[in-house]
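Single-structure report; data block below.
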Amino acid sequence: MLPPPARETTSFSRIVAALVFAFAFPALVLSQAIIWTDDAMALAQRAASAASGVVAALPFGAVLGWPYVFCAACAWACLHQFGRHHRSLAAGIGAITGAAVAVKLTGWHGADVSLLWPLSAVLGLVTGLGVWWIAYGPRKRGTSPREASPA
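Under this note's numbering, think of the first position of the sequence shown as 91, with each following residue one higher.
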């Protein structure tokens, strides 16, 4: 049995922040993982590449990650509409999205499947939980999105 969903609705700014997180976090983590696990680079070169990789990862995540974020956001919007926006479902959607990215990357780059699948699934799961936490997580005491809306 699933736990009860988040009881409050969420604000537009929290949804935008969650979507930005969904684009940025996986791209940053994947770029850093690729850079720091490359045995061909010297340590100083890895550090320089890691710093520049942060800047390059953000457009990379937005350009190549939008189909995955869009599909996950649509699934999440449906769950939210029906009051089924549970943490565990957010983690599941994230893990499935991560697995879909792994499928694309193995077909596209011929990357090592043994490392890519678990990394992508765990990264997707953490991203899904992060999105849920940003959208529905702790709020300041005394403020409720329902009170703030003029309806």
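No residue lacks a Cβ here, since even glycine has one placed at the ideal position from N, Cα and C. Please read these numbers as outputs of a predicted model, since none were measured by experiment.
Restricting to Cα atoms, I'd like to know which of the options is closest to residue i.
i	options	result
V144	G173, A114 and I186	A114
P208	L118, V191 and W126	V191
S121	S101, I105, F102 and G155	G155
T187	P116, R104 and F102	P116
R177	V153, G220, C161 and V159	G220
T127	P228, G218, L206 and T217	L206
Given 8 Å as the limit, tell me if residue i has its C-beta closer than that to any heavy atom belonging to the ligand FMN.
i	result
S178	Summarising the ligand content, the structure contains no ligands, and the ligand FMN is consequently not present.
Taking residue i as part of the alpha helix (DSSP H), name the residues at either end of that continuous run.
i	result
S101	S101 -> no alpha helix (DSSP H), and no H or E assigned at all.
Quick one: measure Cβ to Cβ for residue i and residue j, integer angstroms, because I've assumed they're closer than 8 Å.
i	j	result
A180	A211	That belief does not hold up - the Cβ atoms of A180 and A211 are roughly 14 Å apart, past 8 Å.
L215	A185	4 Å
A162	L118	About 17 Å separates the two Cβ atoms, so there is no contact after all.
Check your understanding: In the segment 172–196, which residue ranges form an unbroken beta strand (DSSP E) of at least 3 residues, counting only runs that do not cross its ends?
Key -> Qualifying beta strand (DSSP E) stretches: none in this window.
Exercise for review: Would you be able to state if there are at least three C-beta pairs under 8 Å between the segment 218–226 and the segment 103–119?
Suggested key: Three or more Cβ pairs drawn from the segment 103–119 and the segment 218–226 lie within less than 8 Å of each other, which places the two stretches in contact.
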